[in-house]
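Number of protein chains: 2
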Amino acid sequence: MNLSPKIESFVMHCGEMGSRWGFNRTIGQIMGLLVMSEKPLSANEIGETLSISRGNVSMGIKELQSWRLVSTQHIAGDRKDYYLPAGSIWELANRVFEERSKREVDPTLSLLRDALLDDPANAQEAYAHQRMDEIHQLLETLTKWTAELQSISPEKLTTLMKLGSGVVRILDLKDRIVKTGSAD
Amino acid sequence: MNLSPKIESFVMHCGEMGSRWGFNRTIGQIMGLLVMSEKPLSANEIGETLSISRGNVSMGIKELQSWRLVSTQHIAGDRKDYYLPAGSIWELANRVFEERSKREVDPTLSLLRDALLDDPANAQEAYAHQRMDEIHQLLETLTKWTAELQSISPEKLTTLMKLGSGVVRILDLKDRIVKTGSAD
DNA sequence: CTAAAGTTTCAATAATTTCTGAACGTTTAA
DNA sequence: TTAAACGTTCAGAAATTATTGAAACTTTAG
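Listed in order, the protein sequences are those of chains A and B. Read in the working numbering, the first sequence has 1320 at position 172, and its numbers run on one by one without any break. Read in the working numbering, the second sequence has 1177 at position 29, and its numbers run on one by one without any break.
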């Protein structure tokens, strides 16, 4: 497939950013290409367009599927697999977020939980223990929060984001209401 | 310096996670070590404790300083530089967040802004243009939002996070109030 | 000024990650 | 049953990234 220069530069950019986003160059490129493509693409089309080997396309797609970012589509009377993004931009971003949190935060959280189980044995450990506890609390709060945000509908979430720091004013508002009348 | 097994395993974990968090193994270890240490450490102490070369310590510290995660302290009558975390756990997490957003989002945002300037030249570009616009909007909203959250005091932010998806109820509350009485 | 104590830089090397392509597996049309 | 069309795997090669250590640089005490 032939890409217009503007699309090509976007796809290549996705490649360059790939490793920063948690995967590698090829995988970034494949994802960029699929998002920019109106119709699903076969492994062959992907490989030719990006000049990468059959094997690499296969591995890349597999990885993207493990991130739940790509789905497979079949066309009647055609034995090829066709690939397309597994949802809207919004959903994709969400998945990247979830998946990264799983890989970047969960292991640390579980290490910290273990480490905090038994009491510090000396002054050095006491200090470290305290620090680990802070990190643990921070990560817990953050994890819970993002999990809850995921459960909010995109529309509400957009409203919330547009509100920005204005949300503080509303928190104050709530405090006033709670103080002057209704129970919490 | 000699680390107790529990602290050592935490520091090593920071090393393993390092690359997922946006830096490399050594840098993760150095940061972990500094956070766990009650007193500032010299380059020598860091290198010995982690068994890494002088040069590597120097480069690692430099990188951590570029992330604004480590500060230098001097002790009267001592020519060595001593290093310590540049703030509370909370502040550190914030910096990592900001810094990563700068590296992971900003370049894409600027590419998209450029790409969206001129009109699509054909059907393929028209579709891609639309997709880029969606991504652009998403990233803009997200960037603005996180920037605003940064401006909220840690206490308020904690309240907000603890509230979780309960924040939606408050949004509804606000809507009711606005509708029935005061102007926005 | 000189030497000692420290830090930084960077070319060479080591370690790790990614990519290729050939071999193998599977499905289906004939 | 065969062979063509496709997907997958994985050992080795290529590319990239991290690390070392020696040389250069900086600061300061004497």
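Using N, Cα and C, we set each Cβ at its ideal position, and we do this for glycine too.
Inter-residue Cα distance where the pair is residue i and residue j
i                  : j                  : result
Ser-1253 (chain B) : Ala-1271 (chain B) : Per the sequence shown, the amino acid found at residue 1253 (chain B) is Val instead of Ser. Between Val-1253 (chain B) and Ala-1271 (chain B), the C-alpha separation is close to 28 Å.
Gln-1213 (chain A) : Ser-1219 (chain A) : 7 Å
Met-1257 (chain A) : Ser-1157 (chain B) : The sequence given here places Leu at residue 1257 (chain A); Met does not occur at that position. Whole-angstrom Cα-Cα distance: 14 Å.
Thr-1174 (chain A) : Leu-1240 (chain A) : 18 Å
Tyr-1231 (chain B) : Val-1183 (chain B) : 10 Å
Met-1309 (chain A) : Leu-1290 (chain B) : 7 Å
Glu-1196 (chain A) : Lys-1210 (chain A) : 18 Å
Met-1179 (chain A) : Pro-1233 (chain A) : 8 Å
Leu-1305 (chain B) : Leu-1319 (chain A) : 10 Å
Thr-1294 (chain A) : Ser-1190 (chain B) : 38 Å
Asn-1204 (chain A) : Leu-1287 (chain B) : 29 Å
Asp-1332 (chain B) : Asp-1262 (chain B) : A caution first: Asp-1332 (chain B) carries a pLDDT of 44, below 50, which makes its placement in the model unreliable, though a value can still be read off. Distance between the alpha carbons of Asp-1332 (chain B) and Asp-1262 (chain B): 35 Å.
His-1222 (chain A) : Lys-1228 (chain A) : 7 Å
Asp-1281 (chain B) : Asp-1267 (chain B) : 12 Å
Glu-1296 (chain B) : Asp-1226 (chain A) : 50 Å
Ile-1237 (chain A) : His-1284 (chain B) : 10 Å
Leu-1311 (chain A) : Leu-1321 (chain B) : 14 Å
Thr-1307 (chain B) : Glu-1273 (chain A) : 30 Å
Tyr-1275 (chain B) : Arg-1324 (chain A) : 49 Å
Reduced DSSP category for residue i - H, G, I as helix; E, B as strand; rest coil
i                  : result
Asp-1320 (chain B) : helix
Ser-1199 (chain B) : coil
Ser-1249 (chain B) : helix
Asp-1254 (chain A) : helix
Ser-1219 (chain B) : strand
Pro-1384 (chain A) : Because residue 1384 (chain A) is not part of the residues shown, which for chain A are 1149 to 1332, the question remains open.
Ser-1190 (chain A) : strand
Asp-1226 (chain B) : coil
Ser-1236 (chain A) : coil
The beta strand (DSSP E) enclosing residue i, as first and last residue numbers
i                  : result
Asp-1333 (chain A) : With chain A represented from 1149 up to 1332, any question about residue 1333 (chain A) goes unanswered, as that position is not in the structure.
Element boundaries [alpha helix (DSSP H), containing residue i]
i                  : result
Pro-1233 (chain B) : Unbroken run through Pro-1233 (chain B) is the beta strand (DSSP E), 1229-1233; no alpha helix (DSSP H).
Arg-1168 (chain A) : It is not in any alpha helix (DSSP H) - Arg-1168 (chain A) carries neither H nor E in the DSSP assignment.
Ile-1344 (chain B) : Look at the range of chain B in this structure, 1149 to 1332, and you will see that residue 1344 (chain B) is not part of it.
Gly-1176 (chain B) : 1173-1184
Local Cβ density within 10 Å of residue i, reported as buried at 16 or more and exposed below that
i                  : result
Lys-1154 (chain B) : buried
Leu-1181 (chain A) : buried
Gly-1166 (chain B) : buried
Ser-1251 (chain B) : Looking at the sequence provided, one finds Arg at residue 1251 (chain B) rather than Ser. Exposed: under 16 other Cβ atoms inside 10 Å.
Arg-1279 (chain A) : buried
Ala-1224 (chain B) : exposed
Gln-1177 (chain A) : buried
Ser-1185 (chain A) : buried
Gly-1208 (chain B) : buried
(request) Would you list, in chain order, the members of the region 1228-1248 of chain B that have their beta-carbon closer than 7 Å to a beta-carbon of chain A? (result) From the region 1228-1248 of chain B, only Ile-1237, Trp-1238, Ala-1241 have a Cβ closer than 7 Å to chain A.
(request) Pull out every residue of the region 1174-1194 of chain A whose Cβ sits closer than 7 Å to any Cβ of chain B, in chain order. (result) Val-1183, Met-1184, Glu-1186
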